[in-house]
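Trainee: Sequence positions in the sequence shown follow this note's numbering and run 11 to 230.
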Amino acid sequence: MDNKDKPHFKIGDTVVILKYGTVGKISNIRNLDGQYYYEINDNGDLFKDKGLVLLSDFKGEILAKEQIDIEYKFFFGDLVQVKGYLDELFKVVGFRTEIWRYKEDAWEDIIYELTRVTDGEWLEADENELILVAESDIAESYLKKYGFIYPIKKTKKPLLLPSPKDQFNHKIDSLLDMYNDYKTMYIMFSDSYYIDMMDSIKIQLSDLLKKSNNKLRKHS
């Protein structure tokens, strides 16, 4: 493979994002249609190599970078109850932080991904909706000892949890809403930052559609 076919940077490189003058580490590299894109600090945004430079090669001014410290109350494998479903037990299988920044306001939302213990149904919930029942290290022994309190009731209606199709549609709709918001901001302010964000969303949409098509092929 020629050098021109290889990524200009590698995972772990410390780089400067030229547009913002901020520093971060490359956490992921994607090759889409022959073009390499780089994710910085696992934040989901993708940058082309022309928008980055190694910190050791940077000659400009570095801007201060915001330090965000997130404290998680729940972790993988924890058993929890969800407000509104207090007769059910769920296990934490994932979590993410959504960071919101506006001119006069800022906040972070912590979202937990859960599966219902009795049948594996999936649910998302905010941190303030969860009640800890047992930490991961004692979760299995807790279920063996007290699981009879939460039996599978065959006559009970299943929870109205989102199906995989609904989850997929929700993600698509959310990305399209974000795309339209950035498009509006670009029309208003003509800042190329919004173009980059629109490009990033198009890549995420493309990835989702590819994954969906692959699943359809497997089941066909």
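Here a beta-carbon is modelled for each residue, glycine too, at the ideal position from N, C-alpha and C.
Predicted model only: the values in this text are computed from it and were never measured.
(1) Determine the DSSP secondary structure at N51, reduced to helix, strand or coil.
(2) Measure from the alpha carbon of D97 to the alpha carbon of each residue in K221, D187, V103 and L140, then state which is nearest.
(3) One question on the structure: do N53 and K35 come within less than 8 Å of each other, judged by their Cβ atoms?
(4) Kindly identify the DSSP beta-bridge partner or partners of Q45.
(5) Does the separation of the CB atoms of R124 and A116 fall below 8 Å?
(6) Candidates S200, T107 and I213: which alpha carbon is nearest E118's?
(7) In this structure, how does DSSP classify I21 when only helix, strand and coil are distinguished?
(8) Terminal residues of the continuous beta strand (DSSP E) containing E123?
(9) Closer than 6 Å by C-beta to V103: which residues in its own chain qualify, once you throw out the five before and the five after it? Chain order, please.
(10) Regarding Y204 and the ligand GTP, is the C-beta to nearest heavy atom distance less than 7 Å?
(11) Look up V63 in the DSSP assignment and give the residues it is bridged to.
(12) If we count the other Cβ atoms within 10 Å of its Cβ and call it buried at 16 or more, is I211 buried or exposed?
(13) Within 10 angstroms of its Cβ, does S216 collect 16 or more other Cβ (buried), or is it exposed?
Mentor: For this structure:
(1) coil
(2) L140
(3) no
(4) L42
(5) Residue identity check: residue 124 is Leu in the sequence provided, not Arg. Going by C-beta atoms, L124 is not nearer than 8 Å to A116.
(6) T107
(7) Assignment of I21 by DSSP, reduced to helix, strand and coil, places it in the coil class.
(8) D115 to R126
(9) So the qualifying residues of the chain are E123 and T125.
(10) The ligand GTP is not part of the structure shown, which contains no ligands of any sort.
(11) V26
(12) buried
(13) It counts as exposed.
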